[in-house]
Amino acid sequence: MTRFKLLFSSLWAFLQPFVNVFLSDFGPVLAKSALAAVKITAANLAAEPGAVKRESAYALIVSDLKHQGVQIGAEVTTSMINAALEAAVQKVKSDDGR
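In the working numbering, the protein residues as written are 64 to 161.
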């Protein structure tokens with residue numbers, strides 16, 4: 064019943080674009096790339112400000128996706144990368160118990 068409430072709530076209207084990103088054909092590839100980039104960035108740039116870490120993680124994601132043959136802008140958009148990056152940050156934080 065709770066799932067149905069979520070689907071029909073205003074929260075769902077907010078979350079739907081994020082869910083759609085991860086359900087797309089490129090969702091699993093993007094999610095894996097984002098998680099790896101966030102972990103690498105957290106380990107290597109721990110003392111840097113958040114903006115520096117974000118730019119680094121974003122660049123790592125783009126590089127990895129291009130290496131895998133994914134077309135940035137056509138198949139995966141900037142907003143999709145940003146959503147995956149934010150989700151990966153939250154995942155790493157929750158795994159670390161923060």
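C-beta atoms are modelled at their ideal positions from N, C-alpha and C, and glycine is treated no differently.
Please classify VAL115 as buried or exposed, where buried requires at least 16 neighbouring CB atoms within 10 angstroms.
Burial call: exposed.
Judging by CA-CA distance, which residue of ALA76, ALA120, PHE89, SER142 is the nearest neighbour of ALA97?
Ranking the options by Cα distance to ALA97, first place goes to ALA120.
May I ask you to report which of helix, strand or coil DSSP gives VAL133?
If DSSP states are grouped into helix, strand and coil, VAL133 belongs with coil.
For VAL152, which of HIS130, LEU93, VAL101, ILE124 has the nearest alpha-carbon?
When each option's Cα is compared against that of VAL152, the closest is VAL101.
Would you mind reading off the limits of the alpha helix (DSSP H) that contains GLU165?
The chain is shown from 64 up to 161; residue 165 falls before or after that span and cannot be answered.
Cα separation between SER126 and ILE144?
Roughly 12 Å separates the two Cα atoms.
Check each candidate in ILE103, GLN131, ALA122 and name the one with the smallest Cα separation from ASP92.
Looking at the sequence provided, one finds Val at residue 92 rather than Asp. Out of ILE103, GLN131, ALA122, GLN131 has the C-alpha closest to the C-alpha of VAL92.
Measuring alpha carbon to alpha carbon, tell me which residue in ASP158, LYS154, THR141 is nearest ALA122.
Residue THR141 is the option with its Cα nearest to ALA122.
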